[in-house]
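Q:
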Amino acid sequence: MVNSDGMLRGIIQLEDLVLSTEETALNEISQPVEQRVTVDLDQEEVARVFGKYDLVSLPVVDPQGLLVGRITFDDIHDVMLEEATEDVMTMAGASSEELVYGQDFFRIAMFRLPWLVGSLFGSLIAAVLVPMFRHVPFEDTLMLAAFVPVVAAMTGNVGSQTAMIITRGFAIGKVDASMLGKTLARESMVGSIMGLAAGALVAIVSNFGFGSDILGITVGLSMFCSMTIAAFVGALAPAMFKQIGIDPAIAAGPLVTTGCDVMGVAIYLGAARLLLG
1 MVNSDGMLRG IIQLEDLVLS TEETALNEIS QPVEQRVTVD LDQEEVARVF
51 GKYDLVSLPV VDPQGLLVGR ITFDDIHDVM LEEATEDVMT MAGASSEELV
101 YGQDFFRIAM FRLPWLVGSL FGSLIAAVLV PMFRHVPFED TLMLAAFVPV
151 VAAMTGNVGS QTAMIITRGF AIGKVDASML GKTLARESMV GSIMGLAAGA
201 LVAIVSNFGF GSDILGITVG LSMFCSMTIA AFVGALAPAM FKQIGIDPAI
251 AAGPLVTTGC DVMGVAIYLG AARLLLG
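Residue numbering for the sequence shown follows full-length UniProt numbering, starting at 1 and increasing by one per position.
1. With contact counted as at least three CB pairs below 8 Å, one residue from each stretch, are the stretch 141–155 and the stretch 258–272 in contact?
2. Return the CA-CA distance between L184 and V61, expressed in angstroms with no decimal places.
3. Going by DSSP, what residue range makes up the beta strand (DSSP E) through I29?
4. Nearest CA to the CA of E44: which residue from V79, L196, D176, A109?
5. Enumerate in chain order the residues of its own chain whose CB-to-CB distance from P32 is below 7 Å, with the five nearest sequence positions on each side excluded.
6. In or out: I172 buried (at least 16 other Cβ within 10 Å) or exposed?
7. Going by Cα to Cα distance, which pick from S160, L58, G220, V68 is closest to A235?
8. So, are the CB atoms of V233 and V219 less than 8 Å apart?
9. List the whole-angstrom C-beta distance separating Q35 from V18, where the pair is believed to meet the contact cut-off of C-beta under 8 Å.
10. At what residues does the alpha helix (DSSP H) containing L236 begin and finish?
11. Would you grab the beta carbon distance between G195 and M223 for me? Rounded to a whole angstrom, and I think it's under 8 Å.
12. I'd like the span of the alpha helix (DSSP H) that includes S160, first residue to last.
13. Go to L58, then tell me how far its beta strand (DSSP E) extends in each direction, as first and last residue.
14. Tell me which residue opens and which closes the alpha helix (DSSP H) that L275 is part of.
15. Leaving out five residues before and five after D213 in sequence, what residues of the same chain have Cβ atoms less than 8 Å from its Cβ?
16. What number of angstroms, rounded off, separates the C-alpha of M143 from the C-alpha of D87?
17. On a CA-only basis, which of A230, S20, D5 is nearest I12? Give me that one, please.
18. So, D118 versus P254, is the Cβ gap smaller than 8 Å?
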């Protein structure tokens with residue numbers, strides 16, 4: 001419903017209009033406009049409004065509030081699928097354009113390679129940290145080396161898992177900038193609980209497997225610290241990307257995974273050098 005100037009003033013359900021009498025005034029059966037979108041709003045934001053409020057249609061207005069049309073769920077459904085596909089491909093370190101170039105192997109490889117090169121450099125950084133073992137006795141070095149993949153994998157998994165959850169939260173409107181402090185605190189607590197459980201388990205395994213109490217303490221403590229920090233980083237990265245206008249899904253891909261891998265190895269080697277000399 002609009003006024004004489006074309007300004008949006010309310011919404012009338014078709015059922016209410018059909019069942020009303022000729023004497024019924026429109027303002028008696030109209031409902032206030034709770035949600036509307038402007039013509040310049042990004043289609044991803046429009047899809048987010050539909051998903052957040054479970055709508056079937058939305059009025060579209062210009063910057064002055066004049067009604068220019070409406071968008072239905074059918075109109076936005078394809079957009080939702082497109083945006084979801086783009087997010088999934090980005091989190092995988094790929095591009096949605098791969099779906100267009102199905103048999104162009106070289107072009108597809110070029111889409112994926114930049115992320116893999118970034119991961120490679122991250123892994124090389126972790127390799128550079130390994131000489132921190134040089135002052136540790138050879139037998140201890142072998143035992144410590146056995147748990148490097150374990151710590152790196154668990155740390156990377158926690159960071160990636162958290163980043164994906166937060167990214168999805170942004171996509172469906174369950175997470176926003178106003179909740180950042182609460183979200184970081186929650187994810188850090190979750191990470192510490194998981195780190196405590198995983199650290200205790202791996203400490204027990206390393207103690208029984210290698211017969212070394214100090215090794216168990218080193219691995220368990222490293223696991224706890226690295227998983228707690230990884231959860232914090234995994235929650236913070238998408239929020240920072242969102243704040244500066246970059247797709248948060250990028251943070252949920254190889255970027256966070258590789259960064260957390262390197263961090264986990266650094267924490268582990270630092271703890272080993274501190275505790276084992």
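Every residue, glycine too, gets a C-beta built ideally from N, C-alpha and C.
A: Result, derived from the coordinates:
1. The stretch 141–155, when compared against the stretch 258–272, does touch it at the 8 Å Cβ threshold.
2. Against the sequence shown, residue 184 aligns to sequence position 184. Against the sequence shown, residue 61 aligns to sequence position 61. Going from the Cα of L184 to the Cα of V61 covers about 36 Å.
3. Along the sequence shown, read from residue 1 onward, the residue named residue 29 stands at position 29. Run containing I29: none in the beta strand (DSSP E); it sits in the alpha helix (DSSP H), 26–29.
4. For this step, residue 44 is matched to residue 44 along the sequence shown. Taking only the C-alpha atoms, the option nearest E44 is V79.
5. Along the sequence shown, read from residue 1 onward, the residue named residue 32 stands at position 32. Excluding sequence positions up to five before and after P32, its CB lies within less than 7 Å of the CB of G10, all in the same chain and listed in chain order.
6. Taking the sequence shown and counting its residues from 1, the one referred to as residue 172 is at position 172. It is exposed - the Cβ of I172 has fewer than 16 other Cβ atoms within 10 Å.
7. Against the sequence shown, residue 235 aligns to sequence position 235. Among S160, L58, G220, V68, the Cα nearest to that of A235 is on S160.
8. Numbered from its first residue, the sequence shown carries residue 233 at position 233. Numbered from its first residue, the sequence shown carries residue 219 at position 219. Going by C-beta atoms, V233 is not nearer than 8 Å to V219.
9. Locating residue 35 in the sequence shown gives position 35, counting from the first residue. Locating residue 18 in the sequence shown gives position 18, counting from the first residue. Contact flag wrong, Cβ pair sits at about 24 Å.
10. Translated into positions along the sequence shown, residue 236 becomes position 236. Counting along the chain, the alpha helix (DSSP H) containing L236 begins and ends at 213–243.
11. Numbered from 1 along the sequence shown, position 195 holds the residue referred to as residue 195. Numbered from 1 along the sequence shown, position 223 holds the residue referred to as residue 223. Their Cβ separation, rounded to whole angstroms, is 6 Å, which keeps G195 and M223 in contact under 8 Å.
12. Taking the first residue of the sequence shown as 1, we reach residue 160 at position 160. 148–171 is the span of the alpha helix (DSSP H), which, as asked, contains S160.
13. For the purposes of this step, residue 58 is taken as the residue at position 58 of the sequence shown. Run containing L58: 57–61, per the beta strand (DSSP E) assignment.
14. The residue given as residue 275 occupies position 275 in the sequence shown. Its alpha helix (DSSP H) spans residues 254–276.
15. The residue labelled residue 213 in the question sits at position 213 within the sequence shown. Excluding positions up to five away in sequence, the list reads N207.
16. Numbered from 1 along the sequence shown, position 143 holds the residue referred to as residue 143. Numbered from 1 along the sequence shown, position 87 holds the residue referred to as residue 87. Those two C-alpha atoms are separated by around 40 Å.
17. Walking along the sequence shown from the start, residue 12 turns up at place 12. That would be S20, whose Cα lies nearest to the Cα of I12.
18. For this step, residue 118 is matched to residue 118 along the sequence shown. For this step, residue 254 is matched to residue 254 along the sequence shown. As written in the sequence, residue 118 is Gly, which differs from the Asp given in the question. Going by C-beta atoms, G118 is nearer than 8 Å to P254.
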